[in-house]
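For the sequence shown, the working numbering gives the first residue as 2, with consecutive numbering after it.
We put the beta carbon where it would ideally sit given N, CA and C, even for glycine.
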Amino acid sequence: MANVEEKSPRLWAFLLATYVVSFSTLYMLWKAYIHVSELRSTALSAPDVKPEQYAILVRDIPAVLEGQTRKEQVDSYFSLLHADTFYRSMVVTDNIEVNKIWEDLENYRKKLARAEAILAATKTRPMYKTGFLSGEKVDTINYCIEMIRELVPKLKIEQENTIREKQQSSALIFFTNRIAATSAAQTIHAKKVDTWTVVEAPEPRQIIWRNLKMKFYQRKLKKDIVFVIVALTIFFYMIPIAFISAFTTMKNLKKLLPFMKPIVDQPQVKTVLEAYLPQIALIVFLAVIPKILMFLSKTEGPSISYVVRASSGKYFYFIILNVFIGVTISGTLFKTIKEVVKPDTNQIWGLLGKSLPQNATFFLTLVALKFFIGYGLELSRLVPLIIFHLKRKYFCKTDDEVREAWAPGDINYATRVPNDLLIVTIVLCYSVIAPIIIPFGVAYFGVGWLVLRNQALKVYVPSYESYGRMWPHMHGRILAALIIYQVTMIGYFSIKKFLYSPFAIPLPIFSIIFALMCRRKFYNSFRYTPLEVVCAKTKETPNLEAIYKAYIPPCLSSYKFDETQEFGHALSAFSKTGSSV
2 MANVEEKSPR
12 LWAFLLATYV
22 VSFSTLYMLW
32 KAYIHVSELR
42 STALSAPDVK
52 PEQYAILVRD
62 IPAVLEGQTR
72 KEQVDSYFSL
82 LHADTFYRSM
92 VVTDNIEVNK
102 IWEDLENYRK
112 KLARAEAILA
122 ATKTRPMYKT
132 GFLSGEKVDT
142 INYCIEMIRE
152 LVPKLKIEQE
162 NTIREKQQSS
172 ALIFFTNRIA
182 ATSAAQTIHA
192 KKVDTWTVVE
202 APEPRQIIWR
212 NLKMKFYQRK
222 LKKDIVFVIV
232 ALTIFFYMIP
242 IAFISAFTTM
252 KNLKKLLPFM
262 KPIVDQPQVK
272 TVLEAYLPQI
282 ALIVFLAVIP
292 KILMFLSKTE
302 GPSISYVVRA
312 SSGKYFYFII
322 LNVFIGVTIS
332 GTLFKTIKEV
342 VKPDTNQIWG
352 LLGKSLPQNA
362 TFFLTLVALK
372 FFIGYGLELS
382 RLVPLIIFHL
392 KRKYFCKTDD
402 EVREAWAPGD
412 INYATRVPND
422 LLIVTIVLCY
432 SVIAPIIIPF
442 GVAYFGVGWL
452 VLRNQALKVY
462 VPSYESYGRM
472 WPHMHGRILA
482 ALIIYQVTMI
492 GYFSIKKFLY
502 SPFAIPLPIF
512 SIIFALMCRR
522 KFYNSFRYTP
532 LEVVCAKTKE
542 TPNLEAIYKA
552 YIPPCLSSYK
562 FDETQEFGHA
572 LSAFSKTGSS
582 V
């Protein structure tokens with residue numbers, strides 16, 4: 002399209018192509034939403050007993066009346082409102098101290114198992130230094146046994162203290178059937194919106210216990226603070242990205258690192274560096290950002306799936322604004338500001354449209370790099386394999402340590418989804434301006450579907466299940482990418498002085514209407530569980546006590562409670578993971 006002259010009648014073909022790409026994208030999004038909705042409904046209506054379908058999370062419980070315990074308050078409230086279906090409650094406690102002791106105990110148990118394995122293999126008793134840099138050397142086995150004996154009674158005392166003295170203003174409420182739990186999660190229970198707020202309970206294995214005690218306005222305030230921090234991070238990260246972009250050009254590389262000139266002047270090396278160095282440097286430099294965003298998101302939500310969705314959204318907007326728009330418009334923050342504030346410049350629409358063709362090679366190479374190298378490494382799992390063998394040779398002494406080193410984990414949706422959506426944005430925005438990118442985009446997602454489908458089914462082990470709740474967020478961000486593409490094309494048509502460029506203006510309006518329509522039609526079925534879905538019979542009578550025990554925090558699962566206390570009869574033999582029935 003860059004080769005087409007201004008005011009050329011050939012621009013009609015590009016305008017038509019813009020409409021074709023836009024409506025094809027909307028059609029596929031519509032079909033995908035229907036498909037994912039059906040998958041979600043099928044999973045939720047499965048006859049298997051899932052603990053989270055029998056529980057709700059209630060927060061912002063009012064202060065306890067004098068002469069009444071927190072459990073009595075919660076039980077009386079829900080017994081009154083759900084007399085026939087209420088089973089029992091579990092009051093959330095502040096587990097920071099007891100969890101610390103429990104983690105120390107688990108660490109010493111692992112060290113003891115490791116020391117015994119070393120003794121069996123080498124016939125030598127391992128030694129342990131009690132201090133960080135200095136300290137007395139002691140026999141590891143004896144020391145670990147001594148520490149375990151010391152921590153076990155300490156853990157029991159702290160468990161009792163936690164149960165009795167550290168109850169919070171949140172609770173998990175259990176019902177006798179999943180229809181009742183689903184109905185309760187969608188019902189306003191109190192006259193004041195900031196008291197007795199209820200949501201569907203997360204899976205036991207993905208609850209973030211320390212976040213459950215946050216009150217209504219604390220949650221709102223934390224979200225606002227995190228939003229401001231992320232916005233500032235996005236803005237100020239443009240400066241180091243601009244520096245990296247400038248530094249990794251061949252000219253500047255030879256200027257700043259003269260000793261590398263003989264190497265980079267080699268024809269083969271020069272070709273590779275010119276093609277891939279800026280993209281590789283950018284990918285490496287951005288590697289730290291997901292961890293920062295995940296840390297910020299962990300202060301917000303009650304569950305891991307919520308945190309992953311929140312972190313994914315932050316990372317998407319970060320890479321779109323910094324990598325795509327930032328690199329596209331100027332390559333440096335200062336040049337961007339200069340372009341925007343010049344009195345005789347075009348509007349920002351035109352700025353995007355004018356800058357995109359100049360960066361086509363950069364983004365084409367980025368897509369190719371992610372396609373060839375990214376999926377090659379993903380399929381071969383070369384890096385995890387090397388790490389596993391290093392750990393097995395030098396660090397792993399017990400079977401549990403070997404299994405832990407070999408464990409593949411789950412798909413990192415917090416980075417996988419935003420990176421794929423960045424490719425969607427790039428392919429959409431260049432689909433008409435530089436159509437050569439379309440085969441690369443098709444190859445990226447086609448091979449990606451084959452590779453990741455295999456990895457999801459045969460390699461990765463999911464750590465939680467959210468029943469497709471990520472999809473509405475993905476749908477909205479694909480629409481955001483589509484609107485960026487449409488606005489860019491409007492700007493580019495105006496730069497080409499195409500007389501009929503206003504015919505492209507309805508496109509973003511159509512996209513916004515489509516987004517509102519999809520939200521109205523589909524979103525609530527993802528936000529809540531439809532009653533129609535959970536009314537199907539389960540294949541076995543649910544064991545309500547097992548469902549209840551599944552939610553006992555790991556640090557409290559070894560404690561035996563009386564019936565009058567908060568967690569009922571939690572047997573000491575109950576699994577320490579507390580993550581499944």
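Beta bridge pairing from DSSP links M128 with D140. Here the alpha carbon of Y78 sits roughly 13 Å from the alpha carbon of T198. Burial of E204 is indicated by the presence of at least 16 other C-beta atoms within 10 angstroms of its C-beta. Along the region 177-252, the beta strand (DSSP E) occurs as fully enclosed runs of 3 or more residues at 198-201, listed in sequence order. Separation of R179 and I57 (C-alpha to C-alpha, rounded to the nearest whole angstrom) is 10 Å. Contact annotation: the region 520-533 touches the region 472-485, with at least three C-beta pairs closer than 8 Å. Looking at the backbone, the Cα of L367 and that of P385 are separated by about 23 Å. Beyond the five residues adjoining it in sequence on each side, E7 comes within less than 6 Å, by CB distance, of K497 and K498 in the same chain, given in chain order. Beta-bridge partners of S90 (DSSP): I174.
In the DSSP assignment, the residues bridged to S304 are I208. Under the three-pair Cβ rule at 8 Å, the region 368-380 counts as touching the region 443-463. For L58, the enclosing beta strand (DSSP E) starts and ends at A56 to R60. Under the DSSP assignment, K394 falls in the alpha helix (DSSP H) whose first and last residues are L383 to Y395.
The beta carbon of R71 sits closer than 6 Å to those of V65, V92 and Q168, all from its chain and outside the five residues before and after it, given in chain order. Contact between the region 176-191 and the region 90-104 is absent: fewer than 3 CB-CB pairs across the two stretches fall below 8 Å.
In terms of Cβ geometry, A482 and T426 form a close pair [threshold 8 Å].
DSSP places T19 in the uninterrupted alpha helix (DSSP H) bounded by L12 to L45. The shortest C-alpha to C-alpha distance from I491 to any of P509, Y55 and L480 is the one to P509. Non-local beta-carbon contacts of A202 in its own chain, meaning distances under 7 Å to residues more than five positions away in sequence, involve E53, A56, I57, L58 and L173 in chain order. In the three-state reduction of the DSSP assignment, Q69 falls in the coil class, being assigned neither a helical nor a strand state. In the same chain as V99, and ignoring 5 residues on each side of it, the C-beta atoms closer than 6 Å to its own belong to E159, Q160, T163 and C556, in chain order. In terms of CA proximity to Y28, C519 leads the group V153, Y218, D76 and C519. Only buried fits W103, as 16 or more other CB atoms lie within 10 angstroms of its CB.
Beta-bridge analysis with DSSP links Q168 to T94. The C-beta of D61 has 16 or more other C-beta atoms within 10 Å across all chains shown, which makes the residue buried. DSSP places D401 inside the alpha helix (DSSP H), whose first and last residues are D400 to W407.
The C-beta distance from I484 to S512 rounds to 5 Å, short enough to meet the 8 Å contact threshold.
For L120, the CB contacts under 8 Å within the same chain, skipping 5 residues up- and downstream, are R126, P127 and I142 in chain order. Cβ contact annotation for D401 (same chain, cutoff 8 Å, sequence separation greater than five): K111 and A114, in chain order. If you draw a straight line from the Cα of Y549 to the Cα of T177, it is about 11 Å long.
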